[in-house]
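Step one of this worksheet: look at the structure below.
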Amino acid sequence: MKARVYVMLKSGVLDPQGEAIRHALGTLGFDEVDGVRQGKVIDLDLADGTDPARIDEMCEKLLANTVIESYRVELL
Amino acid sequence: MKAAVIVFPGSNCDRDMAVALRAAGADVSMVWHKDTGLPEGIDLVAIPGGFSFGDYLRCGAIAARSPICGAVVKHAERGGYVLGVCNGFQVLCETGLLPGALMRNRGLTYICRTEPLIVGECDSAFTAEYTPGQTLMIPIAHHDGNYTVDDATGAELSDAGRIAFRYGANPNGSVRDIAGVLSANGRVLGMMPHPERAADPALGGTDGRALLAGLVGAMAAV
Chain A
138 MKARVYVMLK SGVLDPQGEA IRHALGTLGF DEVDGVRQGK VIDLDLADGT
188 DPARIDEMCE KLLANTVIES YRVELL
Chain B
576 MKAAVIVFPG SNCDRDMAVA LRAAGADVSM VWHKDTGLPE GIDLVAIPGG
626 FSFGDYLRCG AIAARSPICG AVVKHAERGG YVLGVCNGFQ VLCETGLLPG
676 ALMRNRGLTY ICRTEPLIVG ECDSAFTAEY TPGQTLMIPI AHHDGNYTVD
726 DATGAELSDA GRIAFRYGAN PNGSVRDIAG VLSANGRVLG MMPHPERAAD
776 PALGGTDGRA LLAGLVGAMA AV
C-alpha cells in the first residue's frame with residue numbers, strides 16, 4: 138500500500154519561502170495571487186495492511202515538526 | 576570537567592568546539608552519532624554546528640532521532656549540561672529539549688557575519704561570566720536561524736529569564752530577537768551564534784570565551 142503525507146506550515150506561522158514565491162509570481166504579472174504557502178509531499182511505500190495509526194505516529198515522531206507544521210495523510 | 580562533542584555526518588564545527596573547550600580547560604572526547612551512550616562521567620555535551628545529515632527533511636531533524644541523541648536527552652533529564660550551537664540548537668529544538676523551532680531566515684539568504692548579541696537577564700552557568708545587558712560580538716553563519724515560538728511560550732521564556740541572548744540588530748526575523756534559549760532548569764542552552772568562533776584572539780575576537788570558561792569553571796567548582 139501507499140500513502141501520501143502532506144506537510145504544511147501551520148496557519149499563523151510566517152512562511153518566508155511562500156512569500157518569496159508570491160513576490161516572484163507578482164513580478165511575472167500574476168497579480169491575482171494574494172498568498173502562497175509552500176509545503177512538502179512525502180510518499181510512503183508501506184507493507185500491505187499497515188495500520189493508518191502507524192502513519193500518524195510517523196508524522197508525529199519525524200515527518201512533521203508539530204511545533205510549526207501540520208500534516209495530512211492520504212491513503213493511495 | 577569532562578565534555579563530549581557529538582559528531583554527525585555533516586557536522587563541521589565539531590573540531591572548533593573541541594579546540595575552544597580544551598582551551599577553556601575541559602577534557603574533551605568526540606562521540607559518534609551511532610554510539611548509544613556517552614562516555615562515563617560526562618559533565619557537558621556539546622552539539623556542534625554544521626549541516627547534520629545534509630539538513631534533509633528539516634535542519635536537525637534526522638540528527639535528533641539518531642542513537643546518541645537518546646543518551647543526550649537522558650543526560651539532560653538527569654540535570655546534565657548541554658550546549659547546542661547553530662545546527663546544535665536546531666537539533667535541541669527537534670529533540671524537544673528546548674521549545675520552538677528554527678525556520679528559514681526572514682530574508683531567505685544565508686548570513687555569515689559577526690553580530691552584536693545582548694546578554695539576557697538570566698541565571699545560568701553559560702552566562703555567569705557576563706553582565707545582563709552586556710553586548711558581545713559573536714559570529715553567526717546560518718540559513719535557518721529564524722527562531723519561532725507561539726506568543727504564550729515566548730512570553731513564558733521572557734518572564735522566566737530563559738532568553739540567554741538576544742540579537743542587537745535582528746538579522747533573521749527571530750521572535751523577540753531571540754538568539755539563544757535556556758531550558759527550564761537553565762542547564763541546556765541552544766544558540767545560533769558561534770561562541771567557539773570567538774574564543775581566540777587570532778580568529779576575530781574573544782567574546783565567546785567567557786561562555787565556555789564560565790561553564791568549565793562552574794563544573795570544576797561542583
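The listed protein sequences correspond, in order, to chains A and B.
With this note's numbering applied, the first sequence covers 138 to 213.
With this note's numbering applied, the second sequence covers 576 to 797.
A virtual CB, placed ideally from N, CA and C, is assigned to each residue, including glycine.
**Report entry** Where B:Lys649 sits in the DSSP three-state scheme
**Finding:** The sequence position of residue 649 of chain B within the second sequence is 74, counting from 1. Note: B:Lys649 maps to helix in three-state DSSP.
Requested in this report: Scan the stretch 648-677 of chain B for residues whose Cβ lies nearer than 8 Å to a Cβ of chain A and list them as they occur along the chain.
Outcome: Cys668, Glu669, Pro674, Gly675, Ala676
Query raised in the report: Quick one: is B:His769 buried, meaning 16 or more other Cβ sit within 10 Å of its Cβ, or exposed?
Result: As a first step, residue 769 of chain B is located in the second sequence; it is residue number 194 there, counting from the start. The residue is buried, with at least 16 neighbouring Cβ atoms inside 10 Å.
Query raised in the report: Using the beta-carbon count (16 or more within 10 Å), is B:Thr670 buried or exposed?
Result: Reading the second sequence from its first residue, position 95 is the one you call residue 670 of chain B. That one is buried.
Query - Alpha-carbon to alpha-carbon, A:Asp185 and B:Asp630 - result: The residue labelled residue 630 of chain B in the question sits at position 55 within the second sequence. The residue labelled residue 185 of chain A in the question sits at position 48 within the first sequence. Cα to Cα, B:Asp630 sits roughly 31 Å from A:Asp185.
Query raised in the report: Got a sec: is the Cβ-Cβ distance from B:Ala636 to anything in chain A below 9 Å?
Result: Counted from its first residue, the second sequence places residue 636 of chain B at position 61. With 9 Å as the cut-off, B:Ala636 counts as an interface residue toward chain A.
**Report entry** Three or more C-beta pairs below 8 Å linking the stretch 613-623 of chain B and the stretch 579-590 of chain B
**Finding:** yes
Query raised in the report: Quick one: does the C-beta of A:Thr187 sit closer than 8 Å to a heavy atom of the ligand PLP?
Result: This structure lacks the ligand PLP; in fact it carries no ligand of any kind.
**Report entry** Close beta carbons around B:Asp602, own chain, < 8 Å, minus the five adjacent residues each side
**Finding:** Locating residue 602 of chain B in the second sequence gives position 27, counting from the first residue. Excluding residues within five positions, the ones whose Cβ falls inside 8 Å are Met576, Lys577, Ala578.
**Report entry** Contact set between B:Thr723 and chain A, taken where Cβ atoms lie within less than 9 Å
**Finding:** Locating residue 723 of chain B in the second sequence gives position 148, counting from the first residue. Under the 9 Å cutoff, chain A gives Val150, Leu151, Val204, Ile205.
Query raised in the report: Is the CB of B:Arg556 under 9 Å away from at least one CB in chain A?
Result: Only positions 576 to 797 of chain B appear in this structure, which leaves residue 556 of chain B out of reach.
**Report entry** Every unbroken beta strand (DSSP E) inside the stretch 712-754 of chain B [3 residues or more]
**Finding:** 721-723, 738-742
Requested in this report: Could you check the C-alpha separation between B:Asn587 and B:Glu771 for me, to the nearest Å?
Outcome: Numbered from 1 along the second sequence, position 12 holds the residue referred to as residue 587 of chain B. Numbered from 1 along the second sequence, position 196 holds the residue referred to as residue 771 of chain B. If you take the alpha carbons of B:Asn587 and B:Glu771, they lie about 12 Å apart.
Report task. Flag A:Ala157 as yes if its beta-carbon sits less than 9 Å from any beta-carbon of chain B, otherwise no. Result -> Start at 1 with the first residue of the first sequence, and residue 157 of chain A comes out as number 20. By this cut-off, A:Ala157 is an interface position.
Report task. Would you please state the rounded distance, in angstroms, between the beta carbons of A:Val144 and B:Ala676? I believe it to be under 8 Å. Result -> Translated into positions along the first sequence, residue 144 of chain A becomes position 7. Translated into positions along the second sequence, residue 676 of chain B becomes position 101. Contact flag wrong, Cβ pair sits at about 13 Å.
Query raised in the report: Relative to chain A, which residues along the stretch 595-623 of chain B have a C-beta separation below 9 Å, given in chain order?
Result: none
**Report entry** Residue burial classification, A:Met138 (beta-carbon count within 10 angstroms, cutoff 16)
**Finding:** For the purposes of this step, residue 138 of chain A is taken as the residue at position 1 of the first sequence. Exposed is the call here.
Query raised in the report: alpha helix (DSSP H) containing B:Gly659: first to last residue?
Result: Position 84 of the second sequence, counted from the first residue, corresponds to residue 659 of chain B. Looking at the DSSP string, B:Gly659 is not in any alpha helix (DSSP H); the run it does join, the beta strand (DSSP E), is 656-660.
Query raised in the report: Tell me which same chain residues have a C-beta within less than 7 Å of the C-beta of A:Gln175, skipping the five on either side of it?
Result: Working through the first sequence from its first residue, we reach residue 175 of chain A at position 38. Cβ within range, chain order: Asp152, Gln154, Gly155, Ile158.
Report task. Give the C-beta separation of B:Met678 and B:Ile715 to the nearest angstrom, bearing in mind that I take them to be a contact with Cβ-Cβ under 8 Å. Result -> In the second sequence, counting from the first residue as 1, residue 678 of chain B sits at position 103. In the second sequence, counting from the first residue as 1, residue 715 of chain B sits at position 140. The Cβ separation is near 15 Å, so there is no contact.
Query raised in the report: What are the start and end residues of the beta strand (DSSP E) that includes B:Thr689?
Result: As a position in the second sequence, residue 689 of chain B is number 114, starting the count at 1. It spans 686-694 - the beta strand (DSSP E) in which B:Thr689 sits, taken as one unbroken run.
Query raised in the report: Helix, strand or coil: which one does DSSP assign to A:Asp182?
Result: Taking the first sequence and counting its residues from 1, one reaches residue 182 of chain A at position 45. In the structure shown, A:Asp182 sits in a strand (DSSP, three-state: E or B).
Query raised in the report: Closest by CA to B:Pro794, which one among B:Ser604, B:Thr728, B:Asp618?
Result: Your numbering for residue 794 of chain B matches position 219 in the second sequence. In the sequence on display, residue 794 of chain B carries Met and not Pro. B:Met794 has its Cα closest to that of B:Asp618, out of B:Ser604, B:Thr728, B:Asp618.
Report task. Please determine if the stretch 750-757 of chain B and the stretch 718-736 of chain B are in contact, where contact requires at least 3 C-beta pairs separated by less than 8 Å. Result -> yes
Query - First through last residue of the beta strand (DSSP E) which encompasses A:Glu206 - result: To locate residue 206 of chain A, count along the first sequence from 1; it is residue 69. 206-212 is the span of the beta strand (DSSP E), which, as asked, contains A:Glu206.
Requested in this report: Run down chain A in chain order and give the residues with a C-beta less than 9 Å from the C-beta of B:Arg640.
Outcome: Position 65 of the second sequence, counting from 1, holds the residue named residue 640 of chain B. Those are Lys198, Leu199, listed as they occur along chain A.
Query raised in the report: Is there at least one Cβ from chain A nearer than 9 Å to B:Leu757's Cβ?
Result: Looking up residue 757 of chain B in the second sequence gives position 182. Judged by the 9 Å Cβ criterion, B:Leu757 is not in contact with chain A.
**Report entry** Counterpart residues of B:Asp618 in DSSP-defined beta bridges
**Finding:** Looking up residue 618 of chain B in the second sequence gives position 43. Bridge partners of B:Asp618: none, in fact.
Query - Simplified DSSP assignment, three categories, for A:Lys139 - result: Within the first sequence, the letter at position 2 stands for residue 139 of chain A. A:Lys139: strand per DSSP, three-state reduction.
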